[in-house]
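Participant:
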Amino acid sequence: QVQLVESGGGLVQGGGSLRLSCLASGSIFTINTMGWYRQAPGKQRELVASVSSGGSTNYADSVKGRFTISRDDAKNTVYLQMNSLKPEDTAVYYCKMILLSRQFWGQGTLVTVSS
4 QVQLVESGGG
14 LVQGGGSLRL
24 SCLASGSIFT
34 INTMGWYRQA
44 PGKQRELVAS
54 VSSGGSTNYA
64 DSVKGRFTIS
74 RDDAKNTVYL
84 QMNSLKPEDT
94 AVYYCKMILL
104 SRQFWGQGTL
114 VTVSS
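Take the working numbering: the last position of the sequence shown gets the number 118, and nothing is skipped along the way.
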């Protein structure tokens, strides 16, 4: 089993920055894809950014140029650096790992951006 624990959420003013972290533990292999998703109230969960074990990244159009995903396999941690935050970035942010065709989710961390 894999456990994912997110941290770093909070309240920030528009234009500010936050860095989310996701610590993975359990039966982990380095060949996996990690991703950040978010779900705003009344909306479906959507992909924010992902990073493969080879370092390839993918971003939602709405966050390109503002958010950066990175991973530190030595620390079993994936990060999401969020800059120039907007009120529409307000959501619960979830970490996901795809490992051997299985998906694992964290419990989520709330990000609130005030205008």
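Ideal placement from N, C-alpha and C gives every residue a C-beta, glycine not left out.
(1) Could you check whether V5 and S30 sit closer than 9 angstroms to each other, using their CB atoms as the reference points?
(2) In chain order, what residues of the same chain have a beta carbon less than 8 angstroms from the beta carbon of R3, not counting five sequence neighbours either side?
(3) Between L88 and L23, is the Cβ-Cβ spacing less than 9 angstroms?
(4) So is R74 buried or exposed if we call it buried at 16+ other beta carbons inside 10 Å?
(5) For D75, which of helix, strand or coil comes out of DSSP?
(6) With distances taken Cα to Cα, identify the nearest neighbour of F32 among R105, T93, G18 and V15.
(7) Judging by CA-CA distance, which residue of S28, K67, T93 and G13 is the nearest neighbour of V81?
(8) Thinking just about the alpha-carbon of each residue, which of L50, D64 and V15 is nearest to the one in M100?
(9) Which word fits A52, buried or exposed, when buried means at least 16 other C-beta atoms lie within 10 angstroms of its C-beta?
(10) I need the boundaries of the beta strand (DSSP E) containing E49, first residue and last residue.
Facilitator: The answer reads as follows:
(1) A Cβ-Cβ contact shorter than 9 angstroms links S30 with V5.
(2) Since the first residue of the chain shown is 4 and the last is 118, residue 3 is not available in this structure.
(3) no
(4) The residue in question, R74, is buried, as its Cβ has 16 or more Cβ neighbours within 10 Å.
(5) strand
(6) R105
(7) S28
(8) With distances taken between Cα atoms, M100 lies closest to L50.
(9) buried
(10) E49 to V54
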